[in-house]
Structures are given as C-alpha cells and as structure tokens.
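To start, the structure itself, in structure tokens.
Chains as they are written, first to last, in my numbering: chain A, 26 to 359; chain B, 111 to 368.
Rendered as structure tokens:
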C-alpha cells in the first residue's frame, strides 16, 4: 500500500491496522467536448489514507478534486482507474454504507417531507426498529439545533437549516466513518461552531471524520491531519501546521515612532504606515539587527509576529506553479 | 426488496403531497357533467357513452401521469441531487429503480381505482342499477393499470440515460407505435418487399403491444373478456416490465451522477 507523507512522496506501510480509508491511484476522467471524444482529468492518481479515529481535513480550492474524491468514495461516480477501501471493504460493497455517514455538498432533500420524516425515512434503510428510529430522530434533531423545527416541511428551511439536516442524516445511524463535503458551507458563525463541536464529539466517540473545506481555520481547529489537493493532484498530507509552515515568510514588526522619524528614516521607508503605527516585513535572520536599529531610533516596538502563508496563498502558489508547468509543457510540445 | 418498498412508499407519499391525486377532482367533475348531459342527448346508449367516456378519461389521465411523473422519477432526483444522500445509505441502485417504479404504479393503481369507482357511480346514476356484465369494466380498468405500469417502466428506462424532454418524446412515441403492433404484423400483405415486411414483423414483437390492453369497446357493450386474455396480458406486462426495469437498472447502475 502506498501512502503519501507530508512531503507528498509515496512511502510504504506494510501493516495498517488503524486505517479507515485507503485510496490508491484513484483517477477520474470526465468526457468533454463534442460527442464526448475528449477527456478532462479531474482526479489524478490520488493515493492517501485516513487513519481510524482521526479527523482528516481535505483541503483545496474550488475545482481541485475534493468533491470528486468524496463522490468516488461514496460510489456516486465511478473511477477511471484505481481503488479505494473503507473499513477494509471495497467502495463497491454496498454493505459498507451501513458504517458510513455522508453529507453531500450543498445538500438538498425531499422538500415535501418534514425534517423528522426525512430522518425517519433514511433510518429505515438501516433496519432500525420504529422505537429506535423515533428516539434517534429526536436525538439528532436536538443535536443539530432543529428540535423545534422538526415538524416543518423542508421547503421552508433556509440553506443553513438544510445543512444541519444533512449533518443529522449523516450521523443518524452512528456510523464509524463520517465523510462530510464542505460541512461549514452556508452556516452562520454559530452554526459553524455547532458543526465544529459535533465533529469534535464524533472524534471523542472514536469515529473517523473526513471533511473537505477550503477554509484553513476550520482545518486548523479540528484536524489531526490534512491533505492538500490542487488541480486533481495531492500535494501533501500532514498536520495543519506543517502544511502552512511550508511557506513561512519571515517576520513582521509593528512599531510606533516617538518624536522625530528622521533617525529611522531608512527603516520607515521600508514600512507601511497606518495612523501612527508602522508595519514592517523583515527576513528572520535580519530581525534582531532591525529591532536594535528601531530601539536606537527611539521606536516603541508593539509586536513581532511570524508571517506564515495563508492557505489561500499556498493554494495560489500551487496553482501558479501548475500553470507555469503547463505553459512550459506547451512550449516544449510545440 | 424491503428497501425498494421503503422507496416506493416515499414515492407514493411524494405524489400525494405534490397533489397528483387532485386530478380526481377534474375526473369527478367530468363524470358528473357526462352523466347529466348523456341522459339528455343520447337515447338508449347512455351506458355505452358513460363507459367509453369514463374509461377513456381514466386511460388518458393515467397516461399523462405515467409519462410526465414517470420521467421525473429519476431525473428530478438527479437534478435536485436528492439522490446523493439516499445512495449513500445501504441502497442498491436497482432497489431505488424498483422502488420508484413500485411507488408510481401504486399511485396510479389507487388513482385508477378511484376513477373506476367514479365510472360506476355515473353508470348507476344513468341506469339506476348495476349488472353482472359490468364486471368487464373492472377488467378494462385492470388492463389500464397494466398498460400504465408498462408506460412507467419505459419512462424510467429512457430517463435513465437521456434528458427528460427526450424521455417524454421517446415514451410517448413508443406508446403510439405500440397501438399499431397488429397492423405491423400484417404489413406483409401490403408490401412487396420481403425484407421490409420481415423487419416490421420483428419490430412489432419488440415494441410493447398496447393494443392488447384495450378492451374498452367490449366493456362498453357489456361483453365478456376471455380469461386467456387476462392471463396473457398479465404475464406480458410482468415480463415486459421485468425486462425494461432490468435494462434500466443496468444502465443506471453504471451512470455517474453529476
């Protein structure tokens, strides 16, 4: 079994007793163009694993291949090549779905049903007895904050409420593995916090959670590990800090000048002024020398922080690298 | 099959909540108007007019529901993506197809039964009695239900691989073609081309034979329907639906959802 480490290099792992999701060389091509004669690769030989009991964040910009991967895992679409197993069973095994919960991206449900009816309907596929179903449905509605809206038809629900119903149906049958496609999408800050709490609760119960997002703060707060996917290719897996730390970009000093700025004119020219404050970006090795110069000039140093690339910058960097490579290939091809 | 039954019951609930059965109000009004008018304009043939008009309305209304809702059974779920959460449950795609089919056929059966009751009420109103020969009307209604089941199966088949509009056109086209199956079999006597005659003959066996399900004229005149035809039509509908649904399940099981 091949795995991908934080650097994106495949490594060998002989025994994996704690693996919940194993993906190997998963590839998906979509037909495009007139008569579907051409193909567009949406996912390119994805190989990764999600350990049992961990919260795994699947990060990437829009169109990176996150939803494609999740749909492949749920057998909503079928791979062009490669294989995947969940809890040791191939994804084609329908029995595996007893132990999996899934929240689709921007979920939409039968709007002629109430939330209670919808959850009861889904619970029937898990062979739950009527009393169990009733109890579970009430418990889930309470968990996602919809206990007072359970008797309202879903056509009257807001996007955020539908998202909560989606989450409730995903965990209704107490699955071992929960796969959530953009679970925070469409939620207000309170809703996002509730979803985060639910994910942490699932983790505490020993469940495996894999969720996709393009919001770094969600991943940082929740994930044991993240995988970054851009342009259909996995760019690395690791702890959230490692991924963002890849592109640490020096130090930022925030300071105020007392009196004459002339003494620190050279430094001030490099800084950005906001009101009375100056913000200056310096390389890590220059930090102490610059601080000394500022002190000599009588500046009051307010803060020194390490500048890390945001996830957006990291994505952008990867996307631009892709484009540069594509252009180079094109030139070479000509 | 238990899961298919769960899908079927929900499909029936959807039809009820989407007010599909409201067509019964229209049908009731039609039968009331017919019963009142027929007594004034047609002397001696009231029963024939009521039965013919009633059964025709039952057939046409059922047909519209079977085609339009039948095509939407799968395509609507894919468009709205309500299917995603469902197929993430332990439900096989063929169970979904069979469930959707069963749900709409159940809806149509109840709808048709209610309309048939309307025909009997109208008949009783104009004749002030019901006769043993009126049982043929029940057989005609049963054949309509079988015919509608076939139409639903075809609508499901087409909607599993093409757009809703094309699926409607294909289903309606096959329904119309299926009315001329007997003519296609006797086409040989009208054409000199052996190849063409042979082609139309084979085609007539492939097409659904809707002609056999039409016993409205027999029912309207109170004549009896042979038991062999009841058995033949039942077996034919079960087999044809089975084949069409199997094909639908195979196509749908390989389909990538959007």
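Virtual Cβ for every residue (Gly too), placed ideally from N, Cα, C.
Within the continuous beta strand (DSSP E) that includes residue i, where are the two ends?
| i | result |
| --- | --- |
| residue 66 of chain A | 63-76 |
| residue 83 of chain A | 80-84 |
| residue 44 of chain A | 44-57 |
| residue 252 of chain A | 250-255 |
| residue 110 of chain A | 106-111 |
| residue 205 of chain A | 202-206 |
| residue 236 of chain A | 233-238 |
Are the beta-carbon atoms of residue i and residue j separated by less than 8 Å?
| i | j | result |
| --- | --- | --- |
| residue 84 of chain A | residue 251 of chain A | yes |
| residue 354 of chain B | residue 319 of chain B | no |
| residue 123 of chain A | residue 200 of chain B | yes |
| residue 101 of chain A | residue 116 of chain A | no |
| residue 71 of chain A | residue 48 of chain A | yes |
| residue 237 of chain B | residue 157 of chain B | yes |
| residue 90 of chain A | residue 244 of chain A | no |
| residue 181 of chain B | residue 362 of chain B | no |
| residue 276 of chain B | residue 207 of chain B | no |
| residue 195 of chain A | residue 174 of chain A | no |
| residue 204 of chain A | residue 127 of chain A | yes |
| residue 234 of chain A | residue 80 of chain A | yes |
| residue 93 of chain A | residue 67 of chain A | yes |
| residue 249 of chain B | residue 340 of chain B | yes |
| residue 143 of chain A | residue 179 of chain A | yes |
| residue 288 of chain B | residue 222 of chain B | no |
| residue 187 of chain A | residue 260 of chain A | no |
| residue 232 of chain B | residue 145 of chain B | yes |
| residue 200 of chain A | residue 125 of chain A | yes |
| residue 406 of chain B | residue 218 of chain B | This structure does not reach residue 406 of chain B, given that chain B is present from 111 up to 368, and the question cannot be answered. |
| residue 253 of chain B | residue 178 of chain B | no |
| residue 279 of chain A | residue 341 of chain A | no |
For chain A, check one thing: does any of its Cβ atoms lie closer than 8 Å to the Cβ of residue i?
| i | result |
| --- | --- |
| residue 113 of chain B | yes |
| residue 116 of chain B | yes |
| residue 362 of chain B | no |
| residue 322 of chain B | no |
| residue 221 of chain B | no |
| residue 214 of chain B | no |
| residue 333 of chain B | no |
| residue 156 of chain B | no |
| residue 237 of chain B | no |
| residue 183 of chain B | no |
| residue 367 of chain B | yes |
| residue 295 of chain B | no |
| residue 292 of chain B | no |
| residue 127 of chain B | yes |
Span of the alpha helix (DSSP H) holding residue i?
| i | result |
| --- | --- |
| residue 369 of chain B | No answer is possible for residue 369 of chain B: the residues shown for chain B start at 111 and end at 368. |
| residue 221 of chain B | 203-237 |
| residue 295 of chain B | 291-295 |
| residue 127 of chain A | Note, residue 127 of chain A: premise wrong, no alpha helix (DSSP H); beta strand (DSSP E) at 125-128. |
| residue 94 of chain A | 91-98 |
| residue 229 of chain A | 214-229 |
| residue 194 of chain B | 192-197 |
Taking Cβ positions only, does residue i come closer than 8 Å to chain B?
| i | result |
| --- | --- |
| residue 83 of chain A | no |
| residue 180 of chain A | no |
| residue 191 of chain A | yes |
| residue 31 of chain A | For residue 31 of chain A, the pLDDT reaches just 38, beneath the cut-off of 50, and the residue's location in the model is therefore unreliable, although a value from the coordinates is still provided. For residue 31 of chain A, the answer is no, since every Cβ of chain B falls outside 8 Å of its Cβ. |
| residue 149 of chain A | yes |
| residue 103 of chain A | yes |
| residue 194 of chain A | yes |
| residue 137 of chain A | yes |
| residue 146 of chain A | yes |
| residue 26 of chain A | Because residue 26 of chain A sits at a pLDDT of 31, beneath the cut-off of 50, its placement in the model cannot be relied upon, and the following sentence gives the value as read from the coordinates. No, residue 26 of chain A lies away from the interface with chain B (no Cβ there is under 8 Å from its Cβ). |
Of the residues that make up the region 186-200 of chain B, which ones have a beta carbon closer than 7 Å to any beta carbon in chain C? Note that chain C does not occur in the displayed structure, where the protein chains are A and B.
Sequence ranges, alpha helix (DSSP H) only - wholly within the region 257-330 of chain A, length at least 4: 265-270, 290-295 and 312-321
Closer than 8 Å between beta carbons: that is the criterion. Which residues of the region 210-240 of chain A meet it against chain B? Those would be none; no residue qualifies.
At a CB distance below 9 Å, what residues from the region 105-134 of chain A approach chain B? Give them in sequence order. 119, 120, 121, 122, 123, 125, 126, 127, 128, 129, 130, 131, 132, 133 and 134
Check each residue of the region 131-146 of chain B: if its Cβ is closer than 8 Å to any Cβ of chain A, include it; give the result in chain order. none
If the cut-off is 9 Å on Cβ atoms, which residues from the region 72-100 of chain A count as contacting chain B, listed in chain order? 96, 99 and 100
Return the residues of the region 312-343 of chain A that lie within a Cβ-Cβ distance of less than 9 Å from chain B, sorted by chain order. Answer in chain order: no residues at all.
Ignoring anything shorter than 4 residues, give me the alpha helix (DSSP H) runs that lie fully in the region 294-357 of chain B, in order along the chain. Taking only runs of at least 4 residues, the alpha helix (DSSP H) segments lying wholly in the region 294-357 of chain B are 304-316 and 326-330.
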